[in-house]
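Peer 1:
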Amino acid sequence: MAATKEYTYQDVAEHNTSKDLFLVIHDKVYDSTKFIDEHPGGEEVLLDVGGQDATEAFEDVGHSDEARETLEQLLVGTLKRQAGDPSPSSHATGAVAPKAQTDAAGMGIGLYAFLAIGGAVAYFGYQYLQQQQQQASA
Ligand code: HEM
């Protein structure tokens, strides 16, 4: 079987039913339709990632070498990545965003503390000066 065909994410996404199921694993495209009934892990998990990048789902399970051999028999082509495609590790960068938000909030609190302390210093300083003036004029 020639496995040189190139598929875009859009092409693969169209094959997401139990009668026509493509999976992307490590940027290779696999026609898993015939394998759905045979999968020891059940058909549900395959359908969940049908037409999508299943690299993480596949690797998380720690599939055997035998499973990887079966996979090679289902190979139909390679994934042609395009700008804007989701990458398998895209959610890893998501962890940075909340941290940035926390930092911004921390700075906000710091600013309020600075204003409160600055205000207190100005208030008591003013009172002290008034007292001095009263003493001087007495
Ligand atoms: C076409 C791609 C896949 C092939 C060829 C495949 C093949 C296999 C094979 C041969 C096994 C038996 C255990 C082993 O040899 O490692 C297995 C188990 C399993 N697979 Fe897959 N698998 C595929 C995709 C997936 C995906 C995308 C998931 C998503 C979560 C998944 C989840 C599981 C689970 C949970 C088991 C364990 C079942 C058990 O031990 O009861 N598999 N798979």
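Taking full-length UniProt numbering, the leading residue of the sequence shown gets 1, the next gets one more, and so forth.
Backbone N, C-alpha and C fix where the C-beta goes; we use that ideal spot for every residue, glycine too.
1) In terms of residue numbering, what span does the beta strand (DSSP E) encompassing T78 cover?
2) Please tell me whether Y9 and G77 are closer than 8 Å, where the distance is taken between their beta carbons.
3) Using DSSP with H/G/I as helix, E/B as strand and the rest coil, what is A113?
4) For the beta strand (DSSP E) containing V49, name the first residue and the last one.
5) Ignore the nearest five residues each way along the sequence and tell me which others in T93's own chain have a CB closer than 8 Å to its CB.
6) Got a sec? Which residues, its chain only, sit under 6 Å from L115 by beta carbon, not counting five neighbours each side?
7) Going along the chain, which residues of its own chain have a beta-carbon closer than 6 Å to the beta-carbon of E14, five neighbours each way excluded?
8) Quick one: grab the DSSP three-state call for K34.
9) Short check: CB of V24 to CB of A54, under 8 Å?
Peer 2: A quick look at the data gives this:
1) 75 to 79
2) no
3) helix
4) Run containing V49: none; DSSP gives neither H nor E here.
5) In this predicted model, T93 has a pLDDT of only 40, less than 50, meaning its place in the structure is not dependable; the value taken from the coordinates is given anyway. If we look at T93 and ignore the five residues flanking it on each side, it has no Cβ neighbours.
6) none
7) none
8) helix
9) yes
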